[in-house]
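A.B. asks: Have a look at this one before I ask anything.
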Amino acid sequence: MMNTTPMTLLAQIDDVAVFQTAAFSNEAIHNLYSSRESAAQTSALQPGQASYGELNLGLHVNDDAAKVLHNRMGLLSAINASFISLSSKSLQNTPIRRLHWVNQVHGRQIHDVDAPVLSMAPVAADAMVSQQSGIGLAIMTADCVPVVLYQPATGQIAAIHAGWQGLACGVIKAAVNRFDDTLPIKAWIGVCISQANYEVSVEVRDKLLAGCKENQALSARELDDFVALFSIPSASSSTNGNGNEKVKLDLPKLAAMQLESASAIVMNALPVDCSYADSRYYSYRRQTHLQQPATGRMALVIARNIQSSER
């Protein structure tokens, strides 16, 4: 946890660091369940009321835009404070200049941050790549799988938004293909929904399998074993043949195996924290089940500092 910002440092290598934000700090969640003195906190997990938490970073969820922009500025400050605390001979106290965001659309469009874009509106994309230093790439989620990449030899970084549709259309492979394929790529998977809490129809599973086949996102053997590898029957599934059969999908495992199939090395162990089960995080599915009108968005951020040799 960095300062009072609900943010965790997941990794730091060379001049690059990976951060996971949350909806609430551990202390706030403790207060939520123990004292219940704050009406704003108490509403966070109750039906019928929006849950924007302490650090909503999404401008598209009907929260106060000024507050969201303030949260994004606070996140940038917290990242810089973290870099200062990590200072060493190879990591100097030069701040990150900006965080980059995209309008995420559940596709496979890759935004090259280093290419100029003549627009005030955020680019519609589900991944970003950059070789610049002094910036961060932020991917927002509330159940989908966030992934970040770093190639030490080139300094290139990327951030990827991969829900089931992104995993089906090959957004991970498309992002990895923007890197030098002769050099190692490191990957981290952020907080997302776990298999235990991700129930979908068999139709969704079959569309996901078809997309993985079409985009060659897995090996032939993994595609043949897809059902056994990534889905289990749901206890609530109908067995009367009326087409309501349900399964539970393991999206983080699928993301990890797609990364490995694309020759990226997954650095953190699975399972990751579950966005649905852990009240510190935002969850769109939990919002739906609680009949809340809205919930916030957290972010997985990869930031690359400016080394002293670049100044």
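Quick note: to get our numbering, add 1172 to the position in the sequence shown (first position is 1). Where is the CB? At the ideal position from N, CA and C, for every residue including glycine.
#1: Under three-state DSSP, which class holds V1190?
#2: Kindly list the residues whose CB is nearer than 8 Å to the CB of K1234, restricted to its own chain and excluding five residues on each side of it in sequence; keep chain order.
#3: Quick test of your reading: I1344 and I1332, contact by CB under 8 Å. State the CB separation rounded to the nearest angstrom.
#4: Within the region 1233-1299, note down every full alpha helix (DSSP H) run reaching 4 residues or more, in order along the chain.
#5: From the DSSP output, read off the bridge partner residues of H1333.
#6: Should N1349 go down as buried or exposed, given a rule of 16 or more other Cβ atoms within 10 Å for buried?
#7: Throw me the rounded Cβ distance for the G1306 and R1269 pair, which I believe falls under 8 Å.
#8: Please name the residue, chosen from I1404, N1440, D1315, that lies closest to Y1448 on a Cα-to-Cα basis.
#9: Determine the DSSP secondary structure at P1465, reduced to helix, strand or coil.
#10: In chain order, what residues of the same chain have a beta carbon less than 7 Å from the beta carbon of I1282, not counting five sequence neighbours either side?
#11: If you follow the beta strand (DSSP E) that S1223 is in, where does it begin and where does it stop?
#12: Considering only C-alpha positions, which residue in the set H1242, Q1459, S1249 is nearest to F1191?
#13: By the three-class DSSP mapping on this structure, what secondary structure does T1180 have?
#14: In the DSSP assignment, find the beta strand (DSSP E) that holds R1476 and state where it starts and stops.
#15: By how many angstroms is the C-alpha of S1373 removed from the C-alpha of S1406?
#16: Note down the Cα distance separating P1294 from G1279, rounded to an integer number of angstroms.
#17: Using the DSSP secondary-structure output, state which residues sit across from L1309 in a beta bridge.
#18: Tell me which residue opens and which closes the alpha helix (DSSP H) that L1149 is part of.
#19: Bridge partners of P1356, per DSSP?
#20: Should S1254 be labelled buried (16 or more other beta-carbon atoms within 10 Å of its own) or exposed?
#21: Is the beta carbon of A1428 closer than 8 Å to that of V1438?
#22: Please classify I1437: does DSSP put it in a helix, a strand, or coil?
#23: Helix, strand or coil, according to DSSP, for E1199 in the structure here?
C.D. replies: Looking at the coordinates:
#1: Taking the sequence shown and counting its residues from 1, the one referred to as residue 1190 is at position 18. It is a strand residue.
#2: As a first step, residue 1234 must be located in the sequence shown, where it is residue number 62. Per the sequence presented here, residue 1234 reads as Asn, with Lys not at that position. Within the same chain, N1234 has close Cβ partners A1222, P1465, A1466.
#3: Within the sequence shown, residue 1344 is the residue found at index 172, counting from 1. Within the sequence shown, residue 1332 is the residue found at index 160, counting from 1. Contact holds; Cβ gap of about 6 Å.
#4: Whole alpha helix (DSSP H) segments, 4+ residues: 1237-1257.
#5: Working through the sequence shown from its first residue, we reach residue 1333 at position 161. Beta-bridge analysis with DSSP links H1333 to P1318.
#6: Indexing the sequence shown from 1 puts residue 1349 at position 177. Burial check for N1349: the Cβ neighbour count within 10 Å stays below 16, so the residue is exposed.
#7: Looking up residue 1306 in the sequence shown gives position 134. Looking up residue 1269 in the sequence shown gives position 97. About 5 Å; that satisfies the 8 Å criterion.
#8: The sequence position of residue 1448 within the sequence shown is 276, counting from 1. Minimum Cα distance to Y1448 is reached at D1315.
#9: For the purposes of this step, residue 1465 is taken as residue 293 along the sequence shown, with counting starting at 1. DSSP, reduced to helix, strand and coil, places P1465 outside both helices and strands of the structure shown, so it counts as coil.
#10: For the purposes of this step, residue 1282 is identified with residue 110 of the sequence shown, where counting begins at 1. The answer, listed in chain order, is A1297, A1299, V1301, A1346, A1347, R1350.
#11: For this step, residue 1223 is matched to residue 51 along the sequence shown. Here S1223 belongs to no beta strand (DSSP E), and DSSP marks it neither H nor E.
#12: In the sequence shown, residue 1191 corresponds to position 19, counting from 1. When only C-alpha atoms are compared, the closest one is S1249.
#13: As a first step, residue 1180 must be located in the sequence shown, where it is residue number 8. Correct three-state label for T1180: strand.
#14: Numbered from 1 along the sequence shown, position 304 holds the residue referred to as residue 1476. For R1476, the uninterrupted beta strand (DSSP E) segment begins and ends at 1470-1476.
#15: Taking the first residue of the sequence shown as position 1, residue 1406 is located at position 234. Taking the first residue of the sequence shown as position 1, residue 1373 is located at position 201. Answer to the nearest angstrom: the Cα atoms are 10 Å apart.
#16: Position 122 of the sequence shown holds residue 1294. Position 107 of the sequence shown holds residue 1279. If you take the alpha carbons of P1294 and G1279, they lie about 15 Å apart.
#17: The count along the sequence shown starts at 1 and reaches residue 1309 at position 137. Looking at the DSSP assignment, L1309 forms a beta bridge with H1272, I1474.
#18: Residue numbering for the chain in the displayed model covers 1173 to 1483; residue 1149 lies beyond these limits and cannot be assessed.
#19: Against the sequence shown, residue 1356 aligns to sequence position 184. Partner(s): none; P1356 has no beta bridge.
#20: The residue you call residue 1254 lines up with position 82 of the sequence shown. Residue environment analysis places S1254 among the buried positions, since at least 16 neighbouring C-beta atoms fall within 10 angstroms of its C-beta.
#21: Counted from its first residue, the sequence shown places residue 1438 at position 266. Counted from its first residue, the sequence shown places residue 1428 at position 256. In this structure, A1428 lies closer than 8 Å to V1438 by Cβ.
#22: For this step, residue 1437 is matched to residue 265 along the sequence shown. In this structure, I1437 counts as strand in the three-state DSSP scheme.
#23: Locating residue 1199 in the sequence shown gives position 27, where the first residue counts as 1. When secondary structure is reduced to three states using DSSP, E1199 falls in the helix class.
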